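Undergrad: There's a structure below that I have some questions on.
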Amino acid sequence: MEHRDKVRLLEADRRYVWHPFTQMKDYAERDPVLIERAEGVFLYDADGKAYYDTNSSWWVNVHGHAHPRIREAVNRQMAKMDHVMFAGLTHAPGIELAERLTALTPDGLTKVFYSDNGSTAVEVALKMSFQYWQQTGCPDKTTFAYVEHSYHGDTIGAVSVGGVDQYHSVFRPLLFGAHKVPSPDPRGRQDGDAEAAAAQALEAVRHLFEASAGEIAALIVEPMIQAAGGMILHPASYVRGLRELCTQYGVHLIADEVAVGFGRTGRMFACEHAGISPDFLCLSKGLTAGMLPLSVTMTTAGIYDAFYDDYAKLKTFTHGHSFTGNPLACAVALESLRIFEEEGVLEQAAAAASHLQQAAARLAADPGVAHLRGLGMVAAFDLYRDRDSGERYPWEERIGFRVYEEGLQQGLFLRPLGDTIYFWLPLCTTAAQIDDILGRTEKVLQRMSR
Ligand code: PMP
7 MEHRDKVRLL EADRRYVWHP FTQMKDYAER DPVLIERAEG VFLYDADGKA
57 YYDTNSSWWV NVHGHAHPRI REAVNRQMAK MDHVMFAGLT HAPGIELAER
107 LTALTPDGLT KVFYSDNGST AVEVALKMSF QYWQQTGCPD KTTFAYVEHS
157 YHGDTIGAVS VGGVDQYHSV FRPLLFGAHK VPSPDPRGRQ DGDAEAAAAQ
207 ALEAVRHLFE ASAGEIAALI VEPMIQAAGG MILHPASYVR GLRELCTQYG
257 VHLIADEVAV GFGRTGRMFA CEHAGISPDF LCLSKGLTAG MLPLSVTMTT
307 AGIYDAFYDD YAKLKTFTHG HSFTGNPLAC AVALESLRIF EEEGVLEQAA
357 AAASHLQQAA ARLAADPGVA HLRGLGMVAA FDLYRDRDSG ERYPWEERIG
407 FRVYEEGLQQ GLFLRPLGDT IYFWLPLCTT AAQIDDILGR TEKVLQRMSR
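Numbering (this note's numbering), first residue to last: 7 to 456.
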């Protein structure tokens, strides 16, 4: 890109654009990176400099950017039909994708409701669960349970079941009440025992349900990885335990796999680690391989049946969005699933993931790196000023922001969550690229400790 075009665009960005999750004042004196092109695991800025997309463009990208098969799928669909309403009308991409998803996801999830982002997939699950109980003789089940440090999106319902104070506390007066249960985060324990942390967290859920299951419609969880809350990993036994408790006490289990779905944890869906089926499964991000906005809320025939009645009985689920079931996005999602199948993506990613988990261990040599953890193509650690004495960086020092800035110097797009640094890699990342990313990260860490 010509230098003067770059300057003009960045000036206009500063003047007109309000970016998400961004303190805009941070950019009064510096520019965001103007990305002009993306291919494979790389982003290229206006000067042609490459950056590894280490967070898969906010956890969405699966097969790398500019995948030729995805591009062709969009073009093919665009030539036929762009967008049509999805009530009273239907279309092949929407039908075929629903059929494919019911075959791929855990047993029993046979109904697919479309929306267009992760937050609305969660809103749909919350509203469906609420309405289900209203229509099945349990009108007191009007509240929800959620896990401390969880994040389910930014719309008001999703924020109501969100447990990250930094993002959510300002909105508290607006939100509906919900019961918070402790996170199974093993980092707070002396012994660091994840199974023990899970057992303790499950006990708290049991206590809550014993006292209040009669008023709780559903419990919502991010299975295996609480992502935005700080890449908190929990064992499969936790997810299994939640399934058992929800079944025992008559509470729906909502699995929010918006972030972890589609292979990121080493399985197609994170619930597979635990061998369980939720009552609702929310998917987005990787659904279209990170190319177009689309999401689904999947549920069981039993829940669907409670809404199936004569029109006059008012049991309809009256919820929908303009872009519900967008045919372009559905066509892309179908093509992504074909790529998974035909190109052995999960097998290839399994090898890359085991390389990532082994190779990341070397980061622990840095005296600032603590709680190194990972699953599949995700790895994370917490940055301390001094791990041995337990000294953290003061909040005002914004160590995460410094890591982001130094990462850019090293050709890495890192986007830490506070002082938790993480990789959330596209499934197509090779072992050699992983080594390169880790080597560059070591350089970033060296600069931080100076
Ligand atoms: N659930 C989870 C677990 C997420 O990580 C996110 C987004 N980071 C969402 C829901 C919300 O998705 P969206 O940003 O598409 O609304």
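Each residue gets a CB set at the ideal place from its N, CA and C atoms; glycine is no exception.
Here the structure is a predicted model, which is why all the values come from computation and not from measurement.
Under the rule that 16 or more other beta-carbon atoms within 10 Å means buried, what is residue 61, buried or exposed?
TA: Position 55 of the sequence shown, counted from the start, is the residue given in the question as residue 61. So residue 61 ends up on the buried side.
Undergrad: On a CA-only basis, which of 29, 430, 158 is nearest residue 383? Give me that one, please.
TA: On the sequence shown, position 377 is the one that residue 383 refers to. Checked all of 29, 430, 158; the closest Cα to residue 383 is 430.
Undergrad: Along the chain, where does the alpha helix (DSSP H) that runs through residue 4 open and close?
TA: Any answer about residue 4 is impossible in this case: the structure gives the chain only from 7 up to 456.
Undergrad: I'd like to know if residue 53 contacts chain C, where contact means its C-beta is closer than 9 Å to some C-beta of that chain.
TA: Absent from the structure is chain C; it holds one protein chain and no more.
Undergrad: Tell me where the alpha helix (DSSP H) around residue 116 begins and ends.
TA: Taking the sequence shown and counting its residues from 1, one reaches residue 116 at position 110. Looking at the DSSP string, residue 116 is not in any alpha helix (DSSP H); the run it does join, the beta strand (DSSP E), is 115-121.
Undergrad: Could you give the residue range of the beta strand (DSSP E) that holds residue 226?
TA: Counted from its first residue, the sequence shown places residue 226 at position 220. Looking at the DSSP string, the run of the beta strand (DSSP E) that includes residue 226 is 222-227.
Undergrad: Considering only DSSP beta bridges, list what residue 306 is partnered with.
TA: As a working note, residue 306 is residue 300 in the sequence shown. Paired residues: 115.
Undergrad: Within the present structure, is the beta-carbon of residue 288 separated from the nearest heavy atom of the ligand PMP by less than 8 Å?
TA: Taking the first residue of the sequence shown as 1, we reach residue 288 at position 282. Yes.
Undergrad: So is the beta-carbon of residue 430 under 8 Å away from any non-hydrogen atom of the ligand ZN?
TA: Ligands present in the displayed structure are limited to the ligand PMP, and the ligand ZN is not among them.
Undergrad: Please list, in chain order, all residues of the same chain as residue 267 whose beta carbon is under 6 Å from its beta carbon, the five residues on each side excluded.
TA: Locating residue 267 in the sequence shown gives position 261, counting from the first residue. Correct list, in chain order: 275, 289, 292.
Undergrad: Would you say the beta carbon of residue 228 is closer than 8 Å to some non-hydrogen atom of the ligand PMP?
TA: Within the sequence shown, numbered from 1, the residue matching residue 228 stands at position 222. Result yes, Cβ under 8 Å from the ligand PMP.
Undergrad: Taking all protein chains shown into account, do 16 or more other C-beta atoms lie within 10 angstroms of the C-beta of residue 261, making it buried, or fewer, making it exposed?
TA: Indexing the sequence shown from 1 puts residue 261 at position 255. Label assigned to residue 261: buried.
Undergrad: State the start and end residues of the unbroken alpha helix (DSSP H) segment that holds residue 250.
TA: Within the sequence shown, numbered from 1, the residue matching residue 250 stands at position 244. Per DSSP, residue 250 belongs to the alpha helix (DSSP H) from 242-255.
Undergrad: Rounding to the nearest angstrom, what Cα-Cα distance links residue 118 and residue 104 in this structure?
TA: One-based indexing of the sequence shown puts residue 118 at position 112. One-based indexing of the sequence shown puts residue 104 at position 98. Computed Cα separation, rounded: 6 Å.
Undergrad: Using DSSP bridges, identify the partner residues of residue 232.
TA: Here residue 232 refers to the residue found at position 226 when the sequence shown is read from its first residue. Residue 232 pairs with 238.
Undergrad: In three-state terms, what does DSSP make of residue 288?
TA: The count along the sequence shown starts at 1 and reaches residue 288 at position 282. Strand at residue 288.
Undergrad: Report the residue from 337, 210, 299, 71 whose alpha carbon sits nearest the alpha carbon of residue 329.
TA: The count along the sequence shown starts at 1 and reaches residue 329 at position 323. Nearest C-alpha to residue 329: 299.
Undergrad: Which same chain residues end up closer than 8 Å to residue 112 when comparing Cβ atoms and leaving out the 5 residues on each side of it in sequence?
TA: Position 106 of the sequence shown, counted from the first residue, corresponds to residue 112. The residues are 275, 277, 278, 282, 283, 284, 287.
Undergrad: Identify which residue in 234, 32, 177, 214 has its Cα closest to the Cα of residue 225.
TA: For the purposes of this step, residue 225 is identified with residue 219 of the sequence shown, where counting begins at 1. Here the closest residue by C-alpha is 214.
Undergrad: Can you list the beta strand (DSSP E) stretches of 3 or more residues lying completely in the stretch 119-172, in chain order?
TA: If we require 3 residues or more, the beta strand (DSSP E) runs fully inside the stretch 119-172 come out as 149-153.
Undergrad: Give me the Cα-Cα distance between residue 106 and residue 240, rounded to the nearest whole angstrom.
TA: For the purposes of this step, residue 106 is taken as the residue at position 100 of the sequence shown. For the purposes of this step, residue 240 is taken as the residue at position 234 of the sequence shown. When rounded, the distance between both Cα atoms is 29 Å.
Undergrad: Comparing alpha-carbon positions, which option in 34, 29, 28 lies nearest residue 18?
TA: Walking along the sequence shown from the start, residue 18 turns up at place 12. When only C-alpha atoms are compared, the closest one is 34.
Undergrad: Straight-line CA distance for residue 6 to residue 204?
TA: The structure shown does not extend to residue 6, since the chain is modelled only from 7 to 456, so the question has no answer here.
Undergrad: Quick one: what does DSSP say residue 77 is sitting in, helix, strand or coil?
TA: The residue given as residue 77 occupies position 71 in the sequence shown. In this structure, residue 77 counts as helix in the three-state DSSP scheme.
Undergrad: Let me check you understand the geometry: is the CB of residue 191 closer than 8 Å to at least one non-hydrogen atom of the ligand PMP?
TA: Within the sequence shown, numbered from 1, the residue matching residue 191 stands at position 185. Not so, every heavy atom of the ligand PMP lies at least 8 Å from the Cβ.
Undergrad: Is the closest heavy atom of the ligand PMP to the C-beta of residue 291 under 8 Å?
TA: Working through the sequence shown from its first residue, we reach residue 291 at position 285. Result yes, Cβ under 8 Å from the ligand PMP.
Undergrad: I'd like the span of the beta strand (DSSP E) that includes residue 376, first residue to last.
TA: As a first step, residue 376 must be located in the sequence shown, where it is residue number 370. Here the beta strand (DSSP E) through residue 376 covers 375-381.
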